[in-house]
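Residue numbers are given in the working numbering: position 85 of the sequence shown equals residue 85, and the series is strictly consecutive. Heads up, the beta-carbon is just placed ideally off N, CA and C, and yes, glycines get one too. Quick caveat, the model's predicted, so the values are computed rather than measured. Step one of this worksheet: look at the structure below.
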Amino acid sequence: MIIYNLFNMETNNRQESREYIKAKKRVEAIKAFYIHTLVVSLLIPFLIFINFKTYWEYHWFWWPVVGNVLGLIIHGAVVMSNNTDWEERKIREFMDQDNFND
1 MIIYNLFNME TNNRQESREY IKAKKRVEAI KAFYIHTLVV SLLIPFLIFI
51 NFKTYWEYHW FWWPVVGNVL GLIIHGAVVM SNNTDWEERK IREFMDQDNF
101 ND
(Lines of atoms letter the chains of each structure in order from A and count residues from 1; the text may use other names and numbers.)
(Lines give C-alpha, C1' and ligand atoms only; values in the text may rest on other atoms or scores of the structure.)
Protein backbone atom coordinates (compact mmCIF):
# COMPACT_ATOMS: atom_id res chain seq x y z
CA MET A 1 0.00 0.00 0.00
CA ILE A 2 2.82 2.40 0.87
CA ILE A 3 4.61 1.61 -2.38
CA TYR A 4 1.41 2.29 -4.33
CA ASN A 5 0.99 5.66 -2.57
CA LEU A 6 4.61 6.58 -3.27
CA PHE A 7 4.20 5.60 -6.92
CA ASN A 8 1.00 7.64 -7.11
CA MET A 9 2.72 10.67 -5.57
CA GLU A 10 5.63 10.34 -7.98
CA THR A 11 3.24 10.09 -10.94
CA ASN A 12 1.33 13.16 -9.74
CA ASN A 13 4.58 15.12 -9.31
CA ARG A 14 5.71 14.12 -12.80
CA GLN A 15 2.34 15.12 -14.24
CA GLU A 16 2.40 18.49 -12.45
CA SER A 17 5.93 19.22 -13.62
CA ARG A 18 5.04 18.26 -17.20
CA GLU A 19 1.98 20.50 -17.08
CA TYR A 20 4.14 23.31 -15.69
CA ILE A 21 6.72 22.86 -18.45
CA LYS A 22 3.98 22.77 -21.08
CA ALA A 23 2.37 25.93 -19.67
CA LYS A 24 5.77 27.65 -19.50
CA LYS A 25 6.49 26.80 -23.16
CA ARG A 26 3.10 28.19 -24.14
CA VAL A 27 3.76 31.43 -22.23
CA GLU A 28 7.17 31.71 -23.92
CA ALA A 29 5.53 31.24 -27.33
CA ILE A 30 2.97 33.96 -26.58
CA LYS A 31 5.76 36.25 -25.36
CA ALA A 32 7.68 35.64 -28.60
CA PHE A 33 4.55 36.56 -30.56
CA TYR A 34 4.20 39.82 -28.61
CA ILE A 35 7.86 40.65 -29.30
CA HIS A 36 7.32 39.84 -32.99
CA THR A 37 4.31 42.18 -33.01
CA LEU A 38 6.36 44.97 -31.40
CA VAL A 39 9.21 44.55 -33.89
CA VAL A 40 6.84 44.64 -36.87
CA SER A 41 5.04 47.70 -35.45
CA LEU A 42 8.35 49.54 -35.18
CA LEU A 43 9.80 48.26 -38.45
CA ILE A 44 6.92 49.24 -40.74
CA PRO A 45 6.94 52.99 -39.92
CA PHE A 46 10.74 52.97 -40.20
CA LEU A 47 10.55 51.41 -43.67
CA ILE A 48 7.91 53.92 -44.75
CA PHE A 49 10.13 56.75 -43.51
CA ILE A 50 13.17 55.38 -45.37
CA ASN A 51 11.10 54.92 -48.54
CA PHE A 52 9.79 58.48 -48.55
CA LYS A 53 13.18 60.00 -47.68
CA THR A 54 15.10 58.14 -50.38
CA TYR A 55 12.84 57.47 -53.34
CA TRP A 56 9.23 58.47 -52.85
CA GLU A 57 8.12 57.91 -56.48
CA TYR A 58 8.03 54.13 -56.01
CA HIS A 59 6.40 52.80 -52.87
CA TRP A 60 8.56 49.72 -52.32
CA PHE A 61 7.73 49.58 -48.60
CA TRP A 62 4.53 47.66 -49.41
CA TRP A 63 6.49 44.49 -50.21
CA PRO A 64 8.12 44.14 -46.78
CA VAL A 65 4.88 45.26 -45.10
CA VAL A 66 2.90 42.48 -46.79
CA GLY A 67 5.56 39.89 -45.95
CA ASN A 68 5.85 40.97 -42.32
CA VAL A 69 2.09 41.12 -41.78
CA LEU A 70 1.61 37.67 -43.34
CA GLY A 71 4.38 36.30 -41.15
CA LEU A 72 2.78 37.90 -38.10
CA ILE A 73 -0.63 36.43 -38.95
CA ILE A 74 0.84 32.95 -39.40
CA HIS A 75 2.85 33.26 -36.18
CA GLY A 76 -0.27 34.38 -34.30
CA ALA A 77 -2.36 31.55 -35.71
CA VAL A 78 0.21 28.97 -34.67
CA VAL A 79 0.66 30.40 -31.17
CA MET A 80 -2.97 31.11 -30.40
CA SER A 81 -4.41 27.87 -31.75
CA ASN A 82 -5.53 25.48 -29.06
CA ASN A 83 -5.04 22.44 -31.25
CA THR A 84 -2.69 20.72 -28.81
CA ASP A 85 -5.21 18.20 -27.46
CA TRP A 86 -3.81 15.45 -29.64
CA GLU A 87 -0.36 16.04 -28.13
CA GLU A 88 -1.73 15.67 -24.62
CA ARG A 89 -3.58 12.48 -25.57
CA LYS A 90 -0.45 11.01 -27.15
CA ILE A 91 1.66 11.89 -24.09
CA ARG A 92 -0.87 10.22 -21.80
CA GLU A 93 -0.97 7.18 -24.10
CA PHE A 94 2.82 6.78 -23.95
CA MET A 95 2.85 7.33 -20.20
CA ASP A 96 0.18 4.67 -19.75
CA GLN A 97 2.16 2.25 -21.92
CA ASP A 98 5.32 2.94 -19.90
CA ASN A 99 3.48 2.43 -16.61
CA PHE A 100 1.93 -0.78 -17.91
CA ASN A 101 5.30 -2.14 -19.08
CA ASP A 102 7.11 -1.29 -15.82
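Asked: Alpha-carbon spacing of Gly76 relative to Thr37, whole angstroms; Found: 9 Å
Asked: N-terminal and C-terminal residue of the alpha helix (DSSP H) that His75 is part of; Found: 62-80
Asked: Among Trp60, Tyr34, Lys31, the one whose alpha carbon lies nearest that of Pro45; Found: Trp60
Asked: Assigned secondary structure, His36 (DSSP; H/G/I helix, E/B strand, else coil); Found: helix
Asked: Segment contact, 8 Å Cβ cut-off, at least three pairs: the stretch 56-75 with the stretch 90-97; Found: no
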